[in-house]
Amino acid sequence: MSEGRADADVAEAALVQRPKIGDTRSSSVPATPPLSAQGPRGVTMPGGTRAGGPRPGERRAKGRAATPKNSSEVAGETVENPGDGAAVEGSGTAAPAKKKRKRNNKARGGADIRQNDRTDADVVERRRGRERNGRPIGRYFMAVQVRADITQVAVMEGRSLIEHYVSRPADDESQIHGNIYVGKVQNILPGMEAAFVDIGTQKNAVLYRGDVQYDAEDIVDSEPRIEQILKGKQLIVCQITKNPIGLKGARLTQEVSLAGRFVVLIPNSRTYGISKRLPDDVRKRLRSILDRVKPEQHGLIVRTAAEAATEHELQADMTRLLDQWAAIEAKAAKAGGPTLLYREPPLAVRVIREEFNSDYRGVIIDDHQLFEDVHSYVSAFNPELADRVEYFDPAVEGLPIFEKNHVHEQIHKALDRKVWLPSGGSLIIEHTEALTVIDVNTGRNVGTSNLEATV
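Under our numbering, the first residue of the sequence shown is numbered 4, with each subsequent residue one higher.
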C-alpha cells in the first residue's frame with residue numbers, strides 16, 4: 004500500500020487537534036528525532052501497536068477498511084492524496100514523474116511553466132494583509148468577553164454580528180470533542196459491533212468496529228469481528244469524535260490526530276495528503292516540502308491555512324506536534340486506568356486558531372491573562388498579525404467590550420420570536436419539543452405581480 008493513500012476511517016474520525024497555549028517558535032529548524040511506535044506496556048496505542056513494537060526492519064500491516072483512491076476529509080480539510088509522484092511507503096522522496104514534451108517554454112496543454120520562486124519576505128507581506136495609514140484593513144473583527152461563569156466570542160463583519168460562541172465551565176464535562184484518553188474496555192456487544200469504554204466520564208463512551216485499529220499479524224481472519232480485536236478490561240488510547248448528548252455517551256476512535264496551525268499529525272499512520280481547497284501550484288510546492296519533512300512512522304495532513312507557509316514554519320509546527328505526541332505517550336505509559344491525556348484548549352484559542360487571518364482587522368480581549376495567552380499563541384504561528392491582538396481595559400474604555408460594540412443588542416434581536424425582514428415581511432419562530440416551526444408573514448410586502456413572486 005502506498006503512503007499516499009489516506010484512510011477512510013481516519014478521514015471520518017480525525018477532526019481535531021489543537022495547538023497548546025504558549026508554544027513558541029524555535030529560532031532554527033530542530034532535528035526531528037524519530038518517535039517509537041511502541042506504546043506503553045499494557046496499553047494499545049494508535050496503529051494497533053502494543054508494548055514491544057515491531058522488530059527491527061519489520062513492517063506491520065494495519066487491519067483497516069479499504070482505502071479511498073482520491074480524496075478524504077481530515078480535521079475539517081478536504082484532502083487530496085498524492086497520486087503520481089507521491090512518496091511510497093518507507094520513503095521520503097518522490098518517485099520521478101513522466102516528463103512532458105515542451106514547446107517554446109509551454110507544456111502540452113499550452114500553459115506557461117512557471118517556477119515558484121517566492122521568498123519568505125513575499126510570504127510575510129502576503130500574510131500580513133492590507134493597511135491604511137498604518138492601521139490594518141480587514142473585513143472582520145473579533146471581540147472576546149470573559150466572565151467568571153461564561154466566555155463569549157463575537158465575530159463581527161463591519162458592525163454586524165455574524166457569529167457568536169459561548170463556553171461555560173460546565174462544558175468541561177460535556178464538550179470533550181478532541182480530548183484524548185486512556186480508556187478501559189468494559190463490555191463488548193458483537194450484535195452492535197461496538198464496545199463500551201470507560202474513559203472516566205459519567206457515561207461510558209462507545210467505540211464502533213469501524214473505528215478500531217489492530218495489528219493484522221495478531222489476527223487470523225482478514226475481516227475480524229470486534230470481539231476478536233478487543234478484550235474486556237483492555238486499556239486503549241482513544242480520542243473523542245462526538246460529544247455526549249442526552250443519555251448517550253461520547254463516541255470514540257482509536258485513530259488519534261493532533262492538529263496544528265498548518266498540519267495535522269496522525270500518529271502511527273500512513274495517512275498522507277494535502278487540502279484540495281488549495282490551488283494546484285500551491286499543492287505542488289507543499290507536496291515537495293512534505294516529501295522532505297514528513298516523519299516515516301506518522302501520517303501528516305497539510306491544512307488550507309498552510310497556503311502561504313514556509314518550509315521552516317511547516318517543520319516547526321510538525322516538530323511541536325511530535326513533541327506533544329511524545330508527552331501523550333509518556334503520560335499513557337504511567338496510566339493504570341481511565342486517564343485524560345490531552346484536553347482541548349479554551350474556546351477563544353480554538354476560534355482564533357481556526358478563523359484568525361489577514362481578513363481580520365483585529366482581536367480585542369477584556370481578560371489580561373487570556374490576552375497574554377492568545378498573543379503568545381499568535382506570535383508563535385502568525386507573528387505578522389500579533390500586533391492585531393489587543394487588550395481591552397473596561398476601566399479605561401468606560402464600557403464593557405460587548406456594550407461598546409453593540410453585541411448584546413444584536414444577540415437579543417437575533418433571538419426574538421419575531422424577526423423583521425428588509426422587505427417588510429416577518430418571520431415567526433416557535434420552538435417545540437419535536438421541531439422548530441417558522442411562519443413567514445408577508446406584512447407590508449404585498450408584491451406587484453403574483454403570489455409566487457411575492458413570497
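We put the beta carbon where it would ideally sit given N, CA and C, even for glycine.
- When only Cα atoms are considered, E358 and Q155 end up about 15 Å apart.
- For M48, the secondary structure class from DSSP, reduced to helix, strand or coil, is coil.
- As DSSP reads the structure, T154 sits in a beta bridge with V149 and S170.
- Using a Cβ distance threshold of 8 Å, L303 and V185 do not count as a contacting pair.
- Here G263 is buried. Its C-beta has 16 or more other C-beta atoms within 10 Å.
- Excluding five sequence positions before and after Q148, the CB atoms of its chain that fall closer than 6 Å to its own CB belong to Q155, D369, I404 and F405, given in chain order.
- I183 places its beta carbon less than 8 Å from that of I331.
- Rounded to the nearest whole angstrom, the CA to CA distance from T451 to G141 is 40 Å.
- Note that the C-beta distance between A208 and R171 is not below 8 Å.
- Looking at the backbone, the Cα of I191 and that of M145 are separated by about 46 Å.
- Pairing V440 with R420, the inter-Cα distance amounts to about 11 Å.
- Under the DSSP assignment, T322 falls in the alpha helix (DSSP H) whose first and last residues are E314 to A336.
- Ranked by Cα distance from K407, the options P49, K206 and M159 are led by M159.
- For K279, the closest of P270, V352, N271 and L289 by C-alpha to C-alpha distance is L289.
- With distances taken between CA atoms, V285 lies nearest to E310 out of A336, E310 and K297.
- Residue state for Q231 is assigned as helix, using DSSP reduced to three classes.
- Looking at the backbone, the Cα of Q413 and that of S163 are separated by about 8 Å.
- The three-state secondary structure of R254, taken from DSSP, is strand.
- Residues of the same chain with a CB within less than 8 Å of the CB of K334, apart from the 5 flanking positions on each side, are T342 and L344 in chain order.
- Where A197 is concerned, the enclosing beta strand (DSSP E) starts and stops at A197 to D201.
- Assigned with DSSP and collapsed to three states, V440 falls in strand.
- Here V259 is near Q242, since their CB atoms are less than 8 Å apart.
- As computed with DSSP, L192 is found in a beta bridge with A197.
- Of the residues G276, H301, L268 and G181, the one whose Cα lies closest to the Cα of P247 is G181.
- Counting along the chain, no alpha helix (DSSP H) covers V215, and no H or E run does either.
- Taking every protein chain shown into account, the CB of S272 has 16 or more other CB atoms within 10 angstroms, so this residue is buried.
- Excluding the 5 residues flanking it on each side, W328 has same chain C-beta neighbours closer than 7 Å at L38, L261, L268 and P270, in chain order.
- In the three-state reduction of the DSSP assignment, T451 falls in the coil class, being assigned neither a helical nor a strand state.
- Assignment of V259 by DSSP, reduced to helix, strand and coil, places it in the coil class.
- The DSSP-derived three-state label of Q372 is helix.
- Annotation: S379 to L388 spans about 11 Å, alpha carbon to alpha carbon.
- Between R212 and I239, the beta carbon gap of about 14 Å keeps them out of contact (Cβ cut-off 8 Å).
- Taking a C-beta distance under 8 Å as the contact criterion, V392 and D320 do not qualify as a contact pair.
- In the structure shown, the three-state DSSP call for Q237 is coil.
- Beta bridge pairing from DSSP links V305 with V266 and I277.
- Around the CB of G161, fewer than 16 other CB atoms lie within 10 Å, so the residue is classed as exposed.
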